[in-house]
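Counted the way this note's numbering counts, the sequence shown spans residues 1 to 160. Backbone N, C-alpha and C fix where the C-beta goes; we use that ideal spot for every residue, glycine too.
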Amino acid sequence: MESGELSQAEKELIQETWEKVSQNPQHHGIVLFTRLFDLEPDLVKLFHYNSAQFRGAQECLSSPDFLQHVSKVMLVIDAAVNSLENLPSLQEYLTGLGRKHQAVGVKTESFNTVGESLLYALCEGLGPAFSTQARQAWTKLYAVVVKAMSRGWQESREEE
Ligand code: HEM
């Protein structure tokens, strides 16, 4: 889990942009998941609380249980932003998270769609402040997160 690829300037761009977005994580998280469900509508089926299946993206997006998942995702991103100087410290947690997602039926390719949706939400939230350089920095950070989650996912798959 290499954080060395992120330059100091990129770390600062991530911190500055996240500072704005993290003032309203719920809103930006909903933008992220709305986009994710547009791109991969079948992901809605993976969320079921008390065995109840949602009838569609809208119902899922307005469920308090699901909104907790939105908060969980935003908290993981927040942890990554707060650990830019020591991303390996998150490795164990993220591989464990990858394992859990393998268990609930998420495919690793869907993690990439989450990445695309994250960039979309950042762009929506920041407008012109989301520069090409900021996009590049976020792409690198998210790649680090996904790499660790995918490793856990793969380990879990191999144990089956
Ligand atoms: C590919 C799209 C994803 C799907 C379909 C998905 C689905 C799920 C499901 C069904 C659960 C268990 C129920 C729940 O806690 O609400 C869960 C838990 C969780 N997810 Fe996701 N997830 C996705 C992506 C992510 C991403 C990208 C992150 C973080 C970067 C994340 C963070 C979490 C966390 C922190 C938990 C709680 C784990 C625990 O109980 O310890 N999820 N996810």
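Item, Value
"Helix, strand or coil for residue 53? Go by DSSP, reduced to three states.", "strand"
"Got a sec: does the ligand HEM put a non-hydrogen atom nearer than 8 angstroms to the Cβ of residue 17?", "no"
"Closest by CA to residue 45, which one among 38, 144, 56, 36?", "56"
"Who are residue 48's beta bridge partners in DSSP?", "53"
"Keeping to the same chain, check which residues put their C-beta closer than 6 angstroms to that of residue 84; ignore five residues upstream and five downstream.", "11"
"Report yes if the C-beta distance between residue 94 and residue 76 is below 9 angstroms; otherwise report no.", "yes"
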